[in-house]
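*Asks:* A single structure is presented below for examination.
Numbering (UniProt numbering), first residue to last: 1 to 48.
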């Protein structure tokens, strides 16, 4: 905790603001099939 407070007191100026926003080159795709194969179909394994 003390090191955190000291670091805040001795920290440098914040970085300059960015004028342009980030843009995605490739849109994300929901690949639900990869999660579906992790799910079990056995009733015994569903009970915790």
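Every residue gets a Cβ at the ideal spot worked out from N, C-alpha and C, and that includes glycine. Quantities reported herein were computed from a predicted structural model and do not represent experimental measurements.
1) Give the DSSP-derived three-state secondary structure of residue 6 in the structure shown.
2) Which class does residue 56 belong to by DSSP, given the choice of helix, strand or coil?
3) DSSP three-state label for residue 32, please.
4) Closer than 7 Å by C-beta to residue 30: which residues in its own chain qualify, once you throw out the five before and the five after it? Chain order, please.
*Replies:* The short version:
1) helix
2) Lying before the first or after the last residue shown, residue 56 is absent from the chain, which here runs from 1 to 48.
3) helix
4) none
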